[in-house]
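Residue numbers (the numbering used here), protein chains in the order written: chain A, 1061 to 1348; chain B, 105 to 396; chain C, 300 to 577. Yeah, the Cβ is synthetic: ideal placement off N, Cα and C, and Gly gets one too.
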Amino acid sequence: MHEVRNTHAWQILRDRGVQFLIYASVLLISAVFIWILVDLIRGGIAHLSWEFLIEPPRDTGRAGGIAPILVSTLLILLVAVLTAVPIAWTTAILLAEFVAVDNAFGKAVRFSLHVLAGVPSIVFGLFGNAFFSIYLGLGFSILSGGLTLACMLLPILTSTAEAGLRTVPNTYRTSASALGLTRTAALIHLILPAAAPVLAAGLLLGIGRALAETAALLFTSGYVERMPDSLLDSGRALALHIFDLSMNVPGGDTPAYASSLVLVSLLLCINILAMKFAHGLQRRKIMT
Amino acid sequence: MIWSKRNILFPLKLTDSLLQGILRAGAVISALVMLLISLFLVVESWPVLGQISPVRFFTDTSWHPLEGAYQLMPILAGTLYASVGALLLAIPLGIASALFIVYYASPRLAKWYKRLVELLVGIPSVVFGFWGLTTLVPLINQLHPPGASLLAAILVLTLMILPTITLTAYSALMAVPAEFLRNAIALGISRWGMIQGVALPAAKNGITAGIILAAARALGETMAVLMVAGNVVQYPETFFDPVRTLAANIALETAYAMGDHRAVLFVSGLLLMLLVMVLSGIAGLLEKQRHA
Amino acid sequence: MSMSDSKKFLLVFITCFVLEFGGLACAYAASERLVLTGSSTVAPLVGEMARRFETMNPGVRIDVQTGGTSRGINDTRNGTADIGMVSRALKPDENGLHAFTIALDGISIILHANNRVTALSKQQIIDIYTGKITNWRSVGGADARITVVNKAEGRSTLELFLHYLELKNSQIKPHAIIGDNPQGIKTVAGNPNAIGYVSIGAAEYEAERGVPIKLLPLDGVDATIANVRNGTFPLSRPLNLITSREPQELARRFIEFARSLQTHDLVEAQYFVPVEVN
């Protein structure tokens, strides 16, 4: 009896200890996160203004704003998304709707995308430099950078779209076929609209990924900080601008803080929006 | 929510077979991208793979590509130290976070904390690097110069892989059948006893998969490490020594590398890709096992 | 299908793809365009020159990218760049390239402005860079560990510095590796115990705007523009533009412009020494 009470007391002590450690870790992580955010806000908020967003950088970025950089970033994103989305979504539709799970072709495509998802971004940068910039002769351009990012986005866009299509209940497909709809018509009128929120969430996640990327753009889109005239001009992405300001510009910390603040706010908005879409899906899944 | 305003008889004669053709073309392109990347990495590495014996990556005296010396070991060591160090910190913190969300926090607190971790995912690596450079490096420099060091790299990497571990551990723990836990509670086992004896073993595969994914991310991370690690090619003796990682090496030197040097960098890119591929392959297998 | 045919096909395919889905009509390059890559020492100067050249010649676009002298030579050879920027004289084995000097520069040792040390002998610099001296106390400074900042390989500033010290890069024991000049200046400005070496032009430019660094004399000669100009500074170098063949049309016009009197004020504003070209 005595022994039992002892082990019981020890258990309570151990549980308290573990609980303390867990709360301490959580407190530590939250504190560091808030530390980072406060640092970014304190360092950048004073420099942030409307002018900062609409003016070109002067004096290698120490003064002026980030307008051409925002434009370049947008163009790189546009090229990446417009190239990756058609390929990724057709692939996803094929994998989810038209190919059996154990089909050899489907398996090969899925495996290839799974591997692609694991490739580090700097390796995409190497590939983009060798293939788009040098082999295809696109040089350091928004087009090279955008196409490199498109390769990077393929896996995430495909897997989210495939998952989204798979959550559409099978009753949609069986009812459509009972009504004599072709599979194409069922896809366009029923399944894609039903899966739209998840497709949008996946797209937003992809855009977020592309927006945050630096390493893959280092040797592909270059870092000319002027307003691009065409897609064949080099353009500096926002993430690369932060890198350049913090590494290469003495006295560039303040604009780097301000640019980081812009980038992080953009990414937070995109991620929150993506989460909203994904939540909508879950709610609907419960209702149907 | 269903848009059926358009005529069911689609104006363009998009037949099932035509559609399938288009879809197949898209899928073929997706599959080819990976082949194309592998092909180009191999082609660009070929001058070195064909001529220089790979043994030289381990036997050359140092990494001085312009003097024709290609010793990769210190860089590999730096990569491993930084990744392993970050994992050692991030695994307990990440699992603790997941346990907090699932078993300890009130639903409200759990929701907020989970959202915070999800937002942590959204911070780009260059911002982590910048923060490390302006905040961590000067702090470490006061402790022990030069500041840009293995320690700085480990700390920044920890922050970056923490969310991966937390979120995968969270979903693995949520997938543990509730009856397991109810049975444990019915037996009068304490909370930690239940977690240790029932929840963690049941979620083991999922958590391990997450850790391996995090390891892959740490190995491949470039910008943040490049900005805070000091980038000196050497075996670090203490945590305060600067190191260079494989990915940072590529980022630092590709800009001006030519000939054999460029080829060696592509070899290290190939190496990095293979390493990460093996890791994500293992993680995939574990995931599959979990669902089976 | 020949190699170049298949390349063209791929290019056309990809461009179509982008145009089709984006409806982006802006995929046409500016009518006349020059790409320059190379030395980070030369790039800020050429960037200023390019801006002036563009305003004088509407419709012309000149892109300037850094990456180091070796990359400038590499890109010029493989055609990625029309003109390379090289911050040293061409070596005898770099034949087939045409070099045009646009300015002179020197390389100087820099310390943090608060460092008590005001001069270092050549031997002391060698000892610091090879790890024989590790504390500022040994050379008359405060009791603090020296942080040795070295440049990444492929940078001509590194090559010339090593040549001056008669060292090989493998003998150097650095604590931090940096890429471009400004990164070196930033590293030293942020660490009171660091020692680095950068282009005199870049260092004076930053020091004038209040960045806390100071330039040390070499062999007793002050690191100033005047001493680079009169040839007494021991570590001087020409800043060159290079082309893979005799420059034509736009490239020729730009190089002539860069060497003309019209840009001397820009050269001096960047703390370099203009060259007299007849």
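*Could you spell out where the beta strand (DSSP E) holding Gly405 of chain C opens and where it closes?*
Counting from one through the third sequence, the residue named residue 405 of chain C turns up at place 106. His397 to His411 is the extent of the beta strand (DSSP E) around Gly405 of chain C.
*Taking the C-alpha atoms as reference points, what is the distance between Arg321 of chain B and Ile1216 of chain A?*
Within the second sequence, the letter at position 217 stands for residue 321 of chain B. Within the first sequence, the letter at position 156 stands for residue 1216 of chain A. So the two alpha carbons sit approximately 15 Å from each other.
*Using a threshold of 8 Å, state whether the C-beta atoms of Ala351 of chain B and Glu391 of chain B are closer than that.*
For this step, residue 351 of chain B is matched to residue 247 along the second sequence. For this step, residue 391 of chain B is matched to residue 287 along the second sequence. No, these two residues do not count as a Cβ contact at 8 Å.
*asked:* Could you compute how far the alpha carbon of Pro473 of chain C sits from the alpha carbon of Asp1075 of chain A?
replied: Sequence index remark: in the third sequence, residue 473 of chain C carries index 174 (1-based). Sequence index remark: in the first sequence, residue 1075 of chain A carries index 15 (1-based). Distance between the alpha carbons of Pro473 of chain C and Asp1075 of chain A is about 49 Å.
*Look up Leu515 of chain C in the DSSP assignment and give the residues it is bridged to.*
In the third sequence, residue 515 of chain C corresponds to position 216, counting from 1. Leu515 of chain C is bridged to C:Ile408.
*Leaving aside the five residues before and after Leu330 of chain B along the sequence, list all residues of the same chain whose C-beta is less than 6 Å from its C-beta, in chain order.*
Residue mapping note: residue 330 of chain B aligns to position 226 of the second sequence, counting from 1. Closer than 6 Å at Cβ, skipping near neighbours: Ala352 and Ala355.
*Could you please give me the residues that DSSP links to Ala303 of chain B through a beta bridge?*
Taking the first residue of the second sequence as 1, we reach residue 303 of chain B at position 199. DSSP output for Ala303 of chain B lists no bridge partner at all.
*Name the chain A residues whose beta carbon is nearer than 8 Å to that of Cys360 of chain C?*
Within the third sequence, residue 360 of chain C is the residue found at index 61, counting from 1. Correcting the residue type first, residue 360 of chain C is Arg in the shown sequence and not Cys. By Cβ distance, chain A contributes Asp1289 and Asp1293.
*Does DSSP put Ala329 of chain C in a helix, a strand or coil?*
Your numbering for residue 329 of chain C matches position 30 in the third sequence. Summary for Ala329 of chain C: the model assigns pLDDT 46, below 50, so the residue's position carries little reliability; its value from the coordinates is reported in the next sentence. DSSP places Ala329 of chain C in coil when its eight states are reduced to three.
*Measure the C-alpha to C-alpha separation of Val448 of chain C and Gly251 of chain B and round it to an integer number of angstroms.*
Here the question's residue 448 of chain C lines up with position 149 in the third sequence. Here the question's residue 251 of chain B lines up with position 147 in the second sequence. Spanning the two alpha carbons is a distance of roughly 12 Å.
_Supposed close pair Pro401 of chain B, Glu452 of chain C - CB separation, criterion 8 Å_ = Residue 401 of chain B is absent from the structure shown; chain B starts at 105 and stops at 396.
*List the residues that DSSP assigns as beta-bridge partners of Ile361 of chain C.*
As a working note, residue 361 of chain C is residue 62 in the third sequence. Ile361 of chain C pairs with C:Leu333.
_Output needed in chain order: residues of the segment 310-338 of chain B with a Cβ under 7 Å from some Cβ in chain C._
Within the segment 310-338 of chain B, the residues whose Cβ lies closer than 7 Å to some Cβ of chain C are Gly334, Asn335 and Val336, listed in chain order.
*What residues from the segment 480-497 of chain C come within 7 Å of chain A, judged by C-beta to C-beta, listed N to C?*
Pro481, Gln482, Ile484, Lys485 and Ala488
*For Met381 of chain B, count neighbouring C-beta atoms within 10 Å of its own C-beta (all shown protein chains included) and say buried if the count is 16 or more, exposed if not.*
The residue given as residue 381 of chain B occupies position 277 in the second sequence. Flag for Met381 of chain B reads buried.
_Tell me which residues share the same chain as Leu1278 of chain A and place their Cβ nearer than 6 Å to its Cβ, disregarding the 5 neighbours each side in the sequence._
Here residue 1278 of chain A is taken as the residue at index 218 of the first sequence, counted from 1. Hits under 6 Å: Gly1185.
*asked:* If you reduce the DSSP assignment to three classes, tell me which class Gly321 of chain C lands in.
replied: For this step, residue 321 of chain C is matched to residue 22 along the third sequence. Note that Gly321 of chain C scores 42 on pLDDT, short of 50, meaning its location in the model is unreliable; the coordinates nonetheless yield the value given after this. Correct three-state label for Gly321 of chain C: helix.
*Mind pulling the chain A residues with CB within less than 7 Å of Val334 of chain C?*
Taking the first residue of the third sequence as 1, we reach residue 334 of chain C at position 35. The contacting residues are Gly1199.
*Alpha carbon to alpha carbon, how far is Met1287 of chain A from Arg350 of chain C?*
Residue 1287 of chain A sits at position 227 when you count from the first residue of the first sequence. Residue 350 of chain C sits at position 51 when you count from the first residue of the third sequence. It is roughly 13 Å from the alpha-carbon of Met1287 of chain A to the alpha-carbon of Arg350 of chain C.
*Element boundaries [beta strand (DSSP E), containing Thr349 of chain B]*: If you number the second sequence from 1, residue 349 of chain B lands on position 245. Segment: none, Thr349 of chain B is in no beta strand (DSSP E) and carries neither H nor E.
*Tell me the start and end of each unbroken beta strand (DSSP E) in the segment 458-518 of chain C that is at least 3 residues and wholly inside, in chain order.*
Runs of the beta strand (DSSP E) spanning 3 or more residues and lying entirely within the segment 458-518 of chain C occur at 475-477, 493-498 and 512-515, in chain order.
*Contact set between the segment 465-476 of chain C and chain B, restricted to residues whose Cβ is under 9 Å from the partner*: Against chain B - using a Cβ distance shorter than 9 Å - the residues of the segment 465-476 of chain C are Lys467, Asn468, Ser469, Lys472, Pro473, His474, Ala475 and Ile476.
*asked:* I'd like to check one pair, Leu197 of chain B with Phe370 of chain B: are the Cβ atoms closer than 8 Å?
replied: For the purposes of this step, residue 370 of chain B is identified with residue 266 of the second sequence, where counting begins at 1. For the purposes of this step, residue 197 of chain B is identified with residue 93 of the second sequence, where counting begins at 1. No, the Cβ-Cβ distance between Phe370 of chain B and Leu197 of chain B is not below 8 Å.
*Would Phe162 of chain B be called buried (16 or more neighbouring beta carbons within 10 Å of its own) or exposed?*
Mapped onto the second sequence, residue 162 of chain B falls at position 58. The residue in question, Phe162 of chain B, is exposed, as its Cβ has fewer than 16 Cβ neighbours within 10 Å.
*Between Leu277 of chain B and Ala318 of chain B, which are expected to be in contact by the criterion C-beta below 8 Å, what is the C-beta distance as a whole number of angstroms?*
Locating residue 277 of chain B in the second sequence gives position 173, counting from the first residue. Locating residue 318 of chain B in the second sequence gives position 214, counting from the first residue. Wrong, their Cβ atoms sit about 16 Å apart, outside the cutoff.
_Measuring straight from C-alpha to C-alpha, what distance separates Lys450 of chain C and Phe1303 of chain A?_
On the third sequence, residue 450 of chain C is found 151 positions in, with the first residue counted as 1. On the first sequence, residue 1303 of chain A is found 243 positions in, with the first residue counted as 1. Using only the alpha carbons, I get a separation of about 18 Å.
*Quick one: residues in its chain with C-beta nearer than 7 Å to the C-beta of Gln1079 of chain A, no 5 flanking neighbours on either side, listed in chain order?*
As a first step, residue 1079 of chain A is located in the first sequence; it is residue number 19 there, counting from the start. Listed in chain order, the non-local C-beta contacts of Gln1079 of chain A below 7 Å within the same chain number zero, local neighbours out to five positions each way being set aside.
_Does any residue of chain A have a CB that is nearer than 8 Å to the CB of Gln364 of chain C?_
The count along the third sequence starts at 1 and reaches residue 364 of chain C at position 65. Interface residue, yes.
_Chain-ordered chain A contacts of Ser379 of chain C [CB-CB under 9 Å]_ = To locate residue 379 of chain C, count along the third sequence from 1; it is residue 80. Residue identity differs from the one stated: residue 379 of chain C is Thr in this sequence, not Ser. Going along chain A in sequence order, the residues near Thr379 of chain C (Cβ under 9 Å) are Ser1193, Ile1194, Gly1197, Gly1199 and Phe1200.
*Neighbour list for Asp120 of chain B in chain A, Cβ cutoff strictly below 8 Å*: To locate residue 120 of chain B, count along the second sequence from 1; it is residue 16. Those within 8 Å of Asp120 of chain B in chain A are Thr1242, Arg1243 and Thr1244.
*If we cut at 8 Å on Cβ distances, does Ala273 of chain B have a partner in chain C?*
As a working note, residue 273 of chain B is residue 169 in the second sequence. Chain C, which has no Cβ nearer than 8 Å to the Cβ of Ala273 of chain B, makes this no.
*Name the chain B residues whose beta carbon is nearer than 9 Å to that of Gly453 of chain C?*
Position 154 of the third sequence, counted from the first residue, corresponds to residue 453 of chain C. Near Gly453 of chain C (Cβ distances below 9 Å), the residues of chain B are Pro169, Leu170, Glu357, Ala359, Tyr360, Ala361, Met362 and His365.
*Just the chain D side, please: which residues come within less than 7 Å of Ala252 of chain B by C-beta, in chain order?*
The structure shown contains no chain D; its protein chains are A, B and C.
*State buried or exposed for Tyr339 of chain B, treating a residue as buried only when at least 16 other CB atoms are found within 10 Å of its CB.*
Your numbering for residue 339 of chain B matches position 235 in the second sequence. Classification of Tyr339 of chain B: exposed, given that the 10 Å Cβ count is below 16.
*State the beta-bridge partners of Leu540 of chain C as determined by DSSP.*
Counting from one through the third sequence, the residue named residue 540 of chain C turns up at place 241. BP columns for Leu540 of chain C point to C:Met384 and C:Phe399.
*If we ignore side chains and look at the alpha-carbon of each, how far apart do Val487 of chain C and Ala475 of chain C end up?*
The residue given as residue 487 of chain C occupies position 188 in the third sequence. The residue given as residue 475 of chain C occupies position 176 in the third sequence. Approximately 10 Å, taken between the alpha carbons.
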